[in-house]
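Protein chains in written order, with our numbering: chain A, 39 to 164; chain S, 7 to 527. The beta carbon of each residue, even a glycine, is placed where N, CA and C say it ideally should be. Note that this is a predicted model, so its numbers are computed, not measured. Data first, discussion second: the structure below is written as structure tokens.
Here's what the structure looks like:
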């Protein structure tokens, strides 16, 4: 069965290029993507994952809003038994350490390769 | 690789297709040689509260910027007040937070509005109303204020400036803003067609300019239908274009656009004022070409792009800064971008000659080719039906999505080469130059949020309710002007968020577009 992953952008940030690129990449590698687009909240992302029976939730980050929403997103994901990943060019190595500590399962900064993204998400749902 | 020769420009007629700079059809430039001035050098700015942003503007002017370019934070762009729960995580972090008249007054405090131009990436009617009142407050004649605001109602919901308003309301607001400025702020460009934000998801130059022209044409038709003469508003139309890395294509695009615009305004809309025919073109260089790996390479990219646009003869340049991939421009990045413009203007000789590419077999051939392709694309789109229907049906959204997807594919496959991304890469451990700047951040401006929240409770409730009711009432009446009640609204201490809600209510929509979203803090 295909792995289902919810992809969206949380908050008021309207940059969508990264989210569309990642959705496309995941689809190419056999994932089933439920694309939510902009203006999501941690609650709306997790609710969609539950509704759609997705195993993973992924938020694309092109503003600093993720610093604020990550803990809540991680807590809700844990509660529902869903894996949660964050990715985006604004995420620094320092952020990656803090986000993992806050309960985000995988973090993809700007220097990550496509292979690493696919392998990491595959490992999360194995 | 190939080369070009006389055989590639056999159909070119100098007087008909080029003309001297400042002569119809303005292919070679909108003005004759003017040795006294360079293009307007500015950088996109605004961060935190209005007063902090004011300090940023003054710093840039002190460093030699000749214009100011204001962008609102994500909440301001979406017409959401800073004390809204959706805004809490981002107030002031991607631009300035503006929601009330006092904010605009603070933003322009001691700014030389008679000497510099003020450009804005803000929601047009709210920006123009705020600027008009603030300029008057500071003792300036608003009719003398120069500058611009992006005003692009057709695509705003689809590509980055969504305000959760229906097409009809967005177009009305755009037309009312332009109509207001024709009378009250005649030197202000109230209709900047922003092809940058349409295209920087990944559209090519043909799609970029075709969509831009489709919007200019639609707004122009609607203004003429209202009874405005084309020469009353066309001199204050401007285009803010993108500039990617294919510098010849970008130069040819600007030249082709000037020619197409002049012919369109004269032949289709009957403009006769030379200022209606010679379009003002500014550029914001592509943020999408700026990479997170090896960020120092972005300095080079910005320089190449700015040089190309200086040679294309644009009226103003904003360079996307080297830290674009990871943050809103920091101080160091702003200075580097400004210095890049200054080096090009002062040291390279481009300021001494207009249209240096004129007569190049390659550039003239490419200019012709782009004019054909852009014209064909405009015709193809307009044949599909009413613009309003296409917009509401998601037709434009599909073009933008396809562009984003195509760009991602081209980067992933290596078809579009990007140094540091898909060629000439470097191990992350070695990619450290300027990397430390990506860790420097500032927090959402919670003090500003608190200030707005406290101030809201001090307002005169009846006056405020009356002003908001007037906005809703005007929105319900398709013939009513929306600018006057917005100006009254600011003066009654209404906020942008409240006024936007009042407009939505007038259209029978939910006041708060995020009311259904649970946001706990």
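Can you give the Cα-Cα distance for residue i and residue j, rounded to whole angstroms?
i                      : j                      : result
residue 100 of chain A : residue 419 of chain S : 23 Å
residue 100 of chain S : residue 273 of chain S : 42 Å
residue 150 of chain S : residue 69 of chain S  : 25 Å
residue 266 of chain S : residue 55 of chain A  : 30 Å
residue 380 of chain S : residue 220 of chain S : 10 Å
residue 372 of chain S : residue 351 of chain S : 26 Å
residue 130 of chain S : residue 173 of chain S : 15 Å
residue 25 of chain S  : residue 260 of chain S : 15 Å
residue 103 of chain S : residue 84 of chain S  : 11 Å
residue 348 of chain S : residue 157 of chain S : 29 Å
residue 271 of chain S : residue 279 of chain S : 10 Å
residue 464 of chain S : residue 264 of chain S : 51 Å
residue 192 of chain A : residue 40 of chain A  : Within the shown structure, residues of chain A are numbered from 39 to 164, placing residue 192 of chain A beyond reach of any answer.
residue 508 of chain S : residue 501 of chain S : 10 Å
Would you check if the distance between the CB atom of residue i and the CB atom of residue j is smaller than 8 Å?
i                      : j                      : result
residue 198 of chain S : residue 154 of chain S : yes
residue 188 of chain S : residue 239 of chain S : yes
residue 346 of chain S : residue 318 of chain S : no
residue 43 of chain A  : residue 414 of chain S : no
residue 340 of chain S : residue 327 of chain S : yes
residue 138 of chain A : residue 145 of chain A : yes
residue 131 of chain A : residue 107 of chain A : no
residue 108 of chain S : residue 450 of chain S : no
residue 135 of chain S : residue 455 of chain S : no
residue 481 of chain S : residue 513 of chain S : yes
residue 87 of chain A  : residue 118 of chain A : yes
residue 244 of chain S : residue 292 of chain S : no
residue 71 of chain A  : residue 95 of chain A  : no
Check whether the Cβ of residue i sits closer than 7 Å to any heavy atom of the ligand FAD, and report yes or no.
i                      : result
residue 150 of chain S : By its list of ligands, the structure shown contains no ligand whatsoever, and the ligand FAD lies outside what it can speak to.
Check whether the Cβ of residue i lies closer than 8 Å to any Cβ atom in chain A.
i                      : result
residue 508 of chain S : no
residue 208 of chain S : yes
residue 166 of chain S : yes
residue 84 of chain S  : yes
residue 303 of chain S : no
residue 159 of chain S : no
residue 92 of chain S  : yes
residue 526 of chain S : Residue placement at residue 526 of chain S cannot be trusted, given a pLDDT of 46 that sits under 50; what the coordinates show is reported in the next sentence. It does; some Cβ of chain A falls within 8 Å.
residue 286 of chain S : no
residue 132 of chain S : no
residue 219 of chain S : no
residue 407 of chain S : yes
residue 437 of chain S : yes
residue 298 of chain S : yes
residue 434 of chain S : yes
residue 246 of chain S : no
residue 294 of chain S : yes
Of all Cβ atoms in chain S, is any one closer than 8 Å to the Cβ of residue i?
i                      : result
residue 109 of chain A : no
residue 113 of chain A : no
residue 152 of chain A : yes
residue 98 of chain A  : no
residue 124 of chain A : no
residue 135 of chain A : no
residue 90 of chain A  : no
residue 146 of chain A : no
residue 58 of chain A  : yes
residue 149 of chain A : yes
residue 55 of chain A  : yes
residue 157 of chain A : no
residue 69 of chain A  : no
Cβ closer than 9 Å: which chain S residues qualify as neighbours of residue i?
i                      : result
residue 51 of chain A  : 80, 96 and 100
residue 62 of chain A  : 410, 411, 414, 415 and 418
residue 118 of chain A : Near residue 118 of chain A there are no residues of chain S at all, since even the closest Cβ is about 15 Å away, more than 9 Å.
Listing by chain order, which chain S residues have their CB less than 8 Å from the CB of residue i?
i                      : result
residue 132 of chain A : 445
Name the chain S residues that come within less than 7 Å of residue i, Cβ to Cβ?
i                      : result
residue 103 of chain A : 95 and 96
residue 128 of chain A : 332 and 333
Note down, in chain order, every chain A residue with its Cβ under 7 Å from the Cβ of residue i.
i                      : result
residue 88 of chain S  : The contacting residues do not exist; residue 88 of chain S stays about 11 Å from chain A at best.
residue 402 of chain S : Per Cβ cutoff of 7 Å: no residues; residue 402 of chain S is ~14 Å from chain A at best.
Determine, for residue i, whether the minimum Cβ-Cβ distance to residues of chain C falls below 8 Å.
i                      : result
residue 328 of chain S : No chain C is part of this structure, whose protein chains are labelled A and S.
What residues from chain A crowd round residue i, counting only those whose CB sits closer than 8 Å?
i                      : result
residue 520 of chain S : 77
>> Within 8 Å, do at least three Cβ pairs link the region 13–20 of chain S to the region 293–309 of chain S?
In response: no
_Cβ contact check for the region 46–53 of chain A and the region 89–104 of chain A: 3 or more pairs under 8 Å_ = yes
Check: For the region 155–164 of chain A against the region 358–370 of chain S, are there 3 or more C-beta pairs whose distance is under 8 Å?
Finding: no
Pair every Cβ in the region 425–434 of chain S with every Cβ in the region 64–78 of chain S, then say whether three or more of these pairs are closer than 8 Å. no
- Is the number of C-beta pairs between the region 179–188 of chain S and the region 141–150 of chain S that are closer than 8 Å three or more? no
| task | Report yes or no: do three or more beta-carbon pairs, one from the region 109–126 of chain S and one from the region 163–171 of chain S, lie closer than 8 Å? | result | no
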